[in-house]
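So for the sequence shown, numbering that gives the first Met the number 0 puts the first residue at 0; every next one is plus one. Yeah, the Cβ is synthetic: ideal placement off N, Cα and C, and Gly gets one too. Here the structure is a predicted model, which is why all the values come from computation and not from measurement. To keep things clear, I will list the structure first and then write my remarks on it.
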Amino acid sequence: MWPSRVGSRQPCPRESALRRAAISGNVLALPPHHVPTGRSVRVFICANPDDTEAERNALKEHVYPKLRDFCRENYGIEFQVVDLYWGMDPEEWDSPDLQRLRMKLLEDCLQTSAGPCFVHSKLPFSLHDVSVKPIRLVGDLHSEKATWPQG
Numbered sequence: 000m001w002p003s004r005v006g007s008r009q010p011c012p013r014e015s016a017l018r019r020a021a022i023s024g025n026v027l028a029l030p031p032h033h034v035p036t037g038r039s040v041r042v043f044i045c046a047n048p049d050d051t052e053a054e055r056n057a058l059k060e061h062v063y064p065k066l067r068d069f070c071r072e073n074y075g076i077e078f079q080v081v082d083l084y085w086g087m088d089p090e091e092w093d094s095p096d097l098q099r100l101r102m103k104l105l106e107d108c109l110q111t112s113a114g115p116c117f118v119h120s121k122l123p124f125s126l127h128d129v130s131v132k133p134i135r136l137v138g139d140l141h142s143e144k145a146t147w148p149q150g
């Protein structure tokens with residue numbers, strides 16, 4: 000999230016007013032030293048490349064274009080995604096050179112992004128049916144025989 004103090008990329012406390020303002024996109028509610036000044040939002044995607052191919056494809060096709068339009072139209076800034084595993088040969092994933100490049104690109108995102116710059120998440124232990132239906136729809140686009148646990 001946006002910095003908790005000048006020159007820092009430490010996350011804000013989960014329930015802080017600053018965090019709520021940042022998440023809602025209300026930069027007018029932020030103190031001046033917290034308002035991002037860069038001209039682009041550069042988001043570094045951190046996810047296991049083996050497990051997330053369908054999700055990455057869906058993000059690239061359906062989500063990133065909308066985020067690019069939203070950022071440009073509402074804030075006059077560019078939205079950029081750094082996903083080093085996109086289109087990479089799986090044999091190269093563990094390369095020391097690639098790991099060094101990943102760290103450099105992450106640092107670049109931390110230093111230059113006008114907003115959130117790092118995306119990761121933990122998967123929940125279980126999902127309710129309401130949560131799974133939208134995911135299933137995306138999965139069905141990529142696999143005619145998608146199966147889902149019942150319950």
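- Item | Whole-Å CB distance - P115 paired with V42, under 8 Å assumed | 6 Å
- Task: Determine which residues share a DSSP beta bridge with F69 and list them.
- Result: F69 pairs with nothing; no bridge assigned.
- Would a C-beta distance cut-off of 8 Å place F69 and V40 closer than the cut-off? no
- What's the gap between the Cα of D93 and the Cα of L100? 12 Å
- Task: Please go through the same chain and pick out, in chain order, the residues whose beta-carbon is closer than 7 Å to the beta-carbon of G37, but skip the five residues on each side of it.
- Result: T111, S112, A113
- Item | Counterpart residues of M15 in DSSP-defined beta bridges | Per the sequence shown, the amino acid found at residue 15 is Ser instead of Met. Paired residue(s): none; S15 is not in a bridge.
- Task: State the Cα-Cα distance for the pair E90 and D107, rounded to the nearest angstrom.
- Result: 25 Å
- Task: Just the C-alpha distance for V81 and D96, rounded to the nearest angstrom, thanks.
- Result: 17 Å
- Whole-angstrom distance between A20 and R67, CA atom to CA atom: 21 Å
- Following the continuous beta strand (DSSP E) through E77, name the residue where it begins and the one where it ends. 77 to 81
- Nearest-angstrom Cβ-Cβ length linking L109 and L83, presumed shorter than 8 Å: Wrong, their Cβ atoms sit about 15 Å apart, outside the cutoff.
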